[in-house]
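Chemist:
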Amino acid sequence: MDEALLRGLTPGVLGILVRRGADFAAAEDAVQDALLEAVRVWPDDPPRDPKGWLVTVAWRRFLDATRADTARRRREDRLDEEPPPGPAPALDDTLRLYFLCAHPSLTPSSAVALTLRAVGGLTTRQIARAYLVPEATMAQRISRAKRTVAGVRFDRPGDVATVLRVLYLVFNEGYSGDVDLAAEAVRLTRQLADAIDHPEVAGLLALMLLHHARRAARTAPDGALVPLAEQDRGRWDTRAIGEGIAVLQAALARDRLGEFQAQAAIAALHADAPTAEETDWVQIVEWYDELVRLTGSPVVRLNRAVAVGEADGPRAGLRALAALDDTLPRHTAVAAYLHERDGDLATAARLYAEAAHHAPDLAERDHLTRQAARLNARLRR
Amino acid sequence: MAKYLLLKHYRGAPAPANDVPMDRWTPQEISAHVQYMHDFAARLEKSGEFVDAQGLAPEGTWVRYDGEGRPPVTDGPFAETKDLIAGWMVIDVDSHERAVELAGELSAAPGAGGEPIHEWLELRPFLAAPPTITD
Chain A
32 MDEALLRGLT
42 PGVLGILVRR
52 GADFAAAEDA
62 VQDALLEAVR
72 VWPDDPPRDP
82 KGWLVTVAWR
92 RFLDATRADT
102 ARRRREDRLD
112 EEPPPGPAPA
122 LDDTLRLYFL
132 CAHPSLTPSS
142 AVALTLRAVG
152 GLTTRQIARA
162 YLVPEATMAQ
172 RISRAKRTVA
182 GVRFDRPGDV
192 ATVLRVLYLV
202 FNEGYSGDVD
212 LAAEAVRLTR
222 QLADAIDHPE
232 VAGLLALMLL
242 HHARRAARTA
252 PDGALVPLAE
262 QDRGRWDTRA
272 IGEGIAVLQA
282 ALARDRLGEF
292 QAQAAIAALH
302 ADAPTAEETD
312 WVQIVEWYDE
322 LVRLTGSPVV
332 RLNRAVAVGE
342 ADGPRAGLRA
352 LAALDDTLPR
362 HTAVAAYLHE
372 RDGDLATAAR
382 LYAEAAHHAP
392 DLAERDHLTR
402 QAARLNARLR
412 R
Chain B
21 MAKYLLLKHY
31 RGAPAPANDV
41 PMDRWTPQEI
51 SAHVQYMHDF
61 AARLEKSGEF
71 VDAQGLAPEG
81 TWVRYDGEGR
91 PPVTDGPFAE
101 TKDLIAGWMV
111 IDVDSHERAV
121 ELAGELSAAP
131 GAGGEPIHEW
141 LELRPFLAAP
151 PTITD
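Residue numbers (the working numbering), protein chains in the order written: chain A, 32 to 412; chain B, 21 to 155.
1) Give the residues of chain B in contact with A:Asp253, contact being defined as C-beta atoms less than 8 Å apart.
2) Going by DSSP, what residue range makes up the beta strand (DSSP E) through B:Arg84?
3) For chain A, is any of its Cβ atoms less than 9 Å away from the one on B:Gly131?
4) May I ask you to list, following chain order, the residues of the region 27-48 of chain B that have a beta carbon less than 7 Å from some beta carbon of chain A?
5) Could you give the distance in angstroms between the alpha-carbon of B:Tyr85 and the alpha-carbon of A:Leu322?
6) With DSSP collapsed to three states, give me the class of B:Gln74.
7) Using the rule of at least 16 other Cβ atoms within 10 Å of the residue's Cβ for burial, across every protein chain shown, is A:Gln402 buried or exposed?
8) If you draw a straight line from the alpha carbon of A:Arg287 to that of A:Pro230, how long is it in whole angstroms?
9) I need the straight-line Cα distance from A:Arg196 to A:Tyr162, nearest angstrom please.
10) Would you grab the beta carbon distance between A:Thr125 and A:Ala226 for me? Rounded to a whole angstrom, and I think it's under 8 Å.
11) Who are the neighbours of B:Pro97 on chain A, taking C-beta pairs under 9 Å?
12) Nearest to B:Lys66 by alpha carbon, out of B:Val113, B:Pro97, B:Arg90, B:Pro150?
13) Give every residue of the same chain whose Cβ lies closer than 7 Å to the Cβ of A:Leu427, excluding the five residues on either side of it in the sequence, and list them in chain order.
14) If we cut at 9 Å on Cβ distances, does B:Gly75 have a partner in chain A?
15) Determine, for B:Pro78, whether the minimum Cβ-Cβ distance to residues of chain A falls below 9 Å.
16) Just grab the DSSP bridge partners of B:Lys23 for me.
17) Where does B:Thr94 sit, in a helix, a strand or coil, going by DSSP?
18) Alpha carbon to alpha carbon, what distance is there between A:Asp320 and A:Asp4?
19) Please confirm whether A:Asp268 has its beta-carbon closer than 9 Å to some beta-carbon of chain E.
20) So that I know if they touch, is there some Cβ in chain B lying closer than 9 Å to that of A:Thr250?
21) Mind listing the chain B neighbours of A:Arg405? Cutoff is C-beta to C-beta under 9 Å, in chain order.
22) Just the chain B side, please: which residues come within less than 8 Å of A:Ala7 by C-beta, in chain order?
23) Between A:Thr155 and A:Arg148, which are expected to be in contact by the criterion C-beta below 8 Å, what is the C-beta distance as a whole number of angstroms?
24) Counting C-beta neighbours from all protein chains within 10 Å, is the total for A:Arg127 16 or more, i.e. buried, or is it exposed?
25) Consult DSSP for A:Thr193 and reduce its assignment to one of helix, strand or coil.
26) Distance check for A:Asp311 and A:Arg160, CA to CA, integer angstroms please.
27) From A:Ala53 to A:Phe93, what does the alpha carbon distance come to, in whole angstroms?
28) Quick one: what's got a C-beta closer than 6 Å to A:Ile297's C-beta in the same chain, skipping five residues either side?
29) Could you round the C-beta distance between A:Met239 and A:Thr220 to whole angstroms and report it? I think they count as a contact, below 8 Å.
30) Any idea which residues DSSP pairs B:Lys28 with across the strands?
31) Let's see if you can read the secondary structure: which residues bound the alpha helix (DSSP H) around A:Arg38?
32) For a test of the three-state rule: what should DSSP assign to A:Pro116, helix, strand or coil?
33) Look at the alpha carbon of A:Ala282 and the alpha carbon of A:Asn203, and state the distance between them as a whole number of angstroms.
34) Have a look at B:His53 and B:Trp45 and give me their C-alpha separation to the nearest angstrom.
35) Does DSSP classify A:Arg245 as helix, strand or coil?
36) Skipping 5 residues on each side, what residues in its chain have a beta carbon closer than 8 Å to that of B:Leu125?
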């Protein structure tokens, strides 16, 4: 059984229950029950109409759970009258769910958890494992999130930007446990792009596809990070790159530039270069200029300094860097890199060791320590 | 079964035999060290003795309550703090002897020159829940 296909039906089924008048929290529980039932029953007895099956089972579960004598008779009458679900309204239901689960009243961690469960169809246990927290903690986070959005009217359009931020967070978490969060984020963003015509949704999808394409090349067999310039480009996923570029070009043609499209454009320029040396750094700097204009983000300015170092030489990169706050995350690592390019190995080695000291994760710390070690070994010769 | 914490220190432990900072190793020596740590954890997972392993950033903040209606006071990090924890591994083993044996293996991780670091690790038993049968 294709679990992704099953989970792809989740938001549509949930949307139908809510449209029939079920409250969101109870409907969401009922859909989870129906999904678990499907995993158990379908391998031996696959339904002809998977979505109809899920709606029927989830609706029964909902009725069972909310059974109260008089109300029950009324709801069961309604069940008998219910026409079979048609395919047409599915997209609108899906879209409404994305908006609800990324509602601005939710904290980022709550919005992420609720989106993965209600839109993604993951179980609480899978989400807990992916984020390395106890299952009971994740269950509480999800039920609090459901209570928070309980009063939200389900028929108003939401804010696409908040949805995109949630999906971006999921993608950046990578993968741990038995769920590949990056792949799940791509799936959810693709589903969103099918439901709404919006250039930034397409931009985020393109950005994810282009970065996901490099995944196999990004780590060495021993788990060490491999920087972009040293990656074996033969291991990049050309199909994902092709799709990402096509999605991006269609979005850019709409002439409504946003930060995800600009980030995807930079990723596309890297993907386009057959070798690191052939990278079009001049164009990349231009895109960073656009990004600075769009976001004003200091992190973007830092990445721009690296690109300037490649386009106009390390001295120019160091000048761009000098204008930035040196307490920015990765500032020291960028300085180390530019000093090495400039031939000052002793300074670079010292800065790499310092950057390792402040590294936010183990893989990066090991990587930066290796860079320092590599230069120190050369200096000893 | 009893749980033990294996503590690794940035500072505060006696100096190891092979005391060379990591950025003075060769990149190959670093890779060998990282591989050893991965293999060690993987072996404990297979034997059913692994519980958790985490690394900590070298710098943190001291925080304390500062009275009703006030934000907490923060301070530090203090350079004079003697003891600085780098990370831990939690194991669940049958005996204290087994815990000592595993800590010894972890301390044999290779460092400069590919030789064991002989790093001192602190082994601390968990205070467990009381047993059901007490007499």
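We put the CB at the ideal spot given by N, CA and C, even for glycine.
Modeler: So, from the data block:
1) By one-based count along the first sequence, residue 253 of chain A stands at place 222. Going along chain B in sequence order, the residues near A:Asp253 (Cβ under 8 Å) are Ser51, Val54, Gln55, His58.
2) Stepping through the second sequence from its first residue, residue 84 of chain B is reached at position 64. It spans 82-84 - the beta strand (DSSP E) in which B:Arg84 sits, taken as one unbroken run.
3) Translated into the one-based positions of the second sequence, residue 131 of chain B becomes position 111. By this cut-off, B:Gly131 is not an interface position.
4) Met42, Asp43, Arg44, Trp45, Thr46, Pro47
5) As a working note, residue 85 of chain B is residue 65 in the second sequence. As a working note, residue 322 of chain A is residue 291 in the first sequence. About 42 Å.
6) As a first step, residue 74 of chain B is located in the second sequence; it is residue number 54 there, counting from the start. In the structure shown, B:Gln74 sits in a strand (DSSP, three-state: E or B).
7) Indexing the first sequence from 1 puts residue 402 of chain A at position 371. Label assigned to A:Gln402: buried.
8) Start at 1 with the first residue of the first sequence, and residue 287 of chain A comes out as number 256. Start at 1 with the first residue of the first sequence, and residue 230 of chain A comes out as number 199. Going from the Cα of A:Arg287 to the Cα of A:Pro230 covers about 7 Å.
9) Indexing the first sequence from 1 puts residue 196 of chain A at position 165. Indexing the first sequence from 1 puts residue 162 of chain A at position 131. One C-alpha to the other measures close to 17 Å.
10) Position 94 of the first sequence, counting from 1, holds the residue named residue 125 of chain A. Position 195 of the first sequence, counting from 1, holds the residue named residue 226 of chain A. Indeed, because the Cβ distance is near 5 Å, the residues count as touching under 8 Å.
11) Residue mapping note: residue 97 of chain B aligns to position 77 of the second sequence, counting from 1. Within 9 Å Cβ-Cβ: nothing; B:Pro97 doesn't reach chain A, min ~12 Å.
12) If you number the second sequence from 1, residue 66 of chain B lands on position 46. Cα-wise, what sits closest to B:Lys66 is B:Val113.
13) The requested residue 427 of chain A does not occur in the structure, where chain A is confined to residues 32 to 412.
14) Residue numbering aside, residue 75 of chain B sits at position 55 when the second sequence is read from its first letter. True, the Cβ-Cβ gap to chain A drops below 9 Å.
15) By 1-based counting over the second sequence, the position of residue 78 of chain B is 58. Chain A, which has a Cβ nearer than 9 Å to the Cβ of B:Pro78, makes this yes.
16) Your numbering for residue 23 of chain B matches position 3 in the second sequence. For B:Lys23, which the question treats as bridged, DSSP gives the partners B:Asp112.
17) Counted from its first residue, the second sequence places residue 94 of chain B at position 74. Strand.
18) This structure does not reach residue 4 of chain A, given that chain A is present from 32 up to 412, and the question cannot be answered.
19) The question asks about chain E, but that chain is absent: this structure's protein chains are A and B.
20) Locating residue 250 of chain A in the first sequence gives position 219, where the first residue counts as 1. So, not an interface residue.
21) Here the question's residue 405 of chain A lines up with position 374 in the first sequence. Simply Thr46, Pro47.
22) Outside the shown range of chain A, which is 32 to 412, sits residue 7 of chain A, and nothing can be said about it.
23) By one-based count along the first sequence, residue 155 of chain A stands at place 124. By one-based count along the first sequence, residue 148 of chain A stands at place 117. Right, the Cβ-Cβ distance comes to about 7 Å (below 8 Å), so this counts as a contact.
24) Here residue 127 of chain A corresponds to residue number 96 of the first sequence, with the count starting at 1. So A:Arg127 counts as buried.
25) Position 162 of the first sequence, counting from 1, holds the residue named residue 193 of chain A. Three-state result, A:Thr193: helix.
26) In the first sequence, counting from the first residue as 1, residue 160 of chain A sits at position 129. In the first sequence, counting from the first residue as 1, residue 311 of chain A sits at position 280. Those two C-alpha atoms are separated by around 40 Å.
27) Looking up residue 53 of chain A in the first sequence gives position 22. Looking up residue 93 of chain A in the first sequence gives position 62. So the two alpha carbons sit approximately 8 Å from each other.
28) The residue given as residue 297 of chain A occupies position 266 in the first sequence. So the list reads Ile315, Trp318, once near-sequence residues are dropped.
29) Taking the first sequence and counting its residues from 1, one reaches residue 239 of chain A at position 208. Taking the first sequence and counting its residues from 1, one reaches residue 220 of chain A at position 189. With 8 Å as the limit, A:Met239 and A:Thr220 qualify as a contact, their Cβ atoms being about 6 Å apart.
30) Locating residue 28 of chain B in the second sequence gives position 8, counting from the first residue. B:Lys28 is bridged to B:Gly107.
31) Counted from its first residue, the first sequence places residue 38 of chain A at position 7. Run containing A:Arg38: 34-39, per the alpha helix (DSSP H) assignment.
32) As a working note, residue 116 of chain A is residue 85 in the first sequence. Legend: pLDDT at A:Pro116 = 47, less than 50; position of this residue unreliable, no value from coordinates given.
33) Looking up residue 282 of chain A in the first sequence gives position 251. Looking up residue 203 of chain A in the first sequence gives position 172. Approximately 22 Å, taken between the alpha carbons.
34) As a position in the second sequence, residue 53 of chain B is number 33, starting the count at 1. As a position in the second sequence, residue 45 of chain B is number 25, starting the count at 1. Roughly 10 Å between the two C-alpha positions.
35) Here residue 245 of chain A refers to the residue found at position 214 when the first sequence is read from its first residue. A:Arg245 falls in the coil class under three-state DSSP.
36) As a first step, residue 125 of chain B is located in the second sequence; it is residue number 105 there, counting from the start. Residue 125 of chain B is actually Glu in this sequence, not Leu. Correct list, in chain order: Phe60.
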